[in-house]
Amino acid sequence: MLPSKLIECFGTNNILECIANNRNPIHSMRLVDCLNISDKGFSKAVRKLPRLEMVDISLTRLYEDFIEVLARSFPLLKSLTYYIGWLLEYRESNAIAFVIAKIVSGLCDLDIGGH
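For what it's worth, the numbering used here labels the leading residue of the sequence shown as 1, then goes sequentially.
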């Protein structure tokens, strides 16, 4: 089984880039309360992680811009949790879910907005 990575509270674009540049592939990643990871930094790093099957992005500043990059970068993605707290309204979570479902055909588990 491939290893997992958990980045909590202290995550930055540089830390994420180091993980992406590591030669050991990972199958799951959790970014929790990582307010210093930008859409651009995330997008650059995830392109180097095509084997990810499970992604949990909670309480970050990553918004809709990264969703399409995420969906196109992970052809093996099976599980996605995306929660940004009270900022995500019900209709926004539906729109995001639609974009993800349209692009990621193998997704089995999708949790958006904590619903």
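A virtual CB, placed ideally from N, CA and C, is assigned to each residue, including glycine.
| Check | Outcome |
| --- | --- |
| Give the list of continuous beta strand (DSSP E) stretches no shorter than 3 residues that lie fully inside the segment 25–66. | 28–32 and 54–58 |
| Does DSSP put P103 in a helix, in a strand, or in coil? | This sequence places Ile at residue 103; Pro is not what is there. Correct three-state label for I103: helix. |
| In chain order, what residues of the same chain lie with their CB nearer than 8 angstroms to the CB of L107, ignoring the 5 residues before and after it? | L77, K78, S79, L80, I100 and A101 |
| Who does I7 pair with in a DSSP beta bridge? | L31 |
| Starting from the C-beta of L49, find all residues in its chain whose C-beta is less than 6 angstroms away, skip the five residues before and the five after it, and write them out in chain order. | A20 |
| L62 and D33 - do their beta-carbons sit closer together than 9 angstroms? | no |
| List the endpoints of the continuous alpha helix (DSSP H) containing I84. | I84 -> no alpha helix (DSSP H), and no H or E assigned at all. |
| Would you say R61 faces chain C, with C-beta separation under 9 angstroms as the test? | Reference to chain C is not applicable here, since this structure consists of a single protein chain. |
| Could you give the distance in angstroms between the alpha-carbon of K44 and the alpha-carbon of L59? | 20 angstroms |
| As a quick exercise: from L70, N36, I84 and I57, pick the residue whose alpha carbon is nearest that of V46. | L70 |
| Where DSSP assigns a beta bridge to S79, which residues make up the other side? | M54 and D109 |
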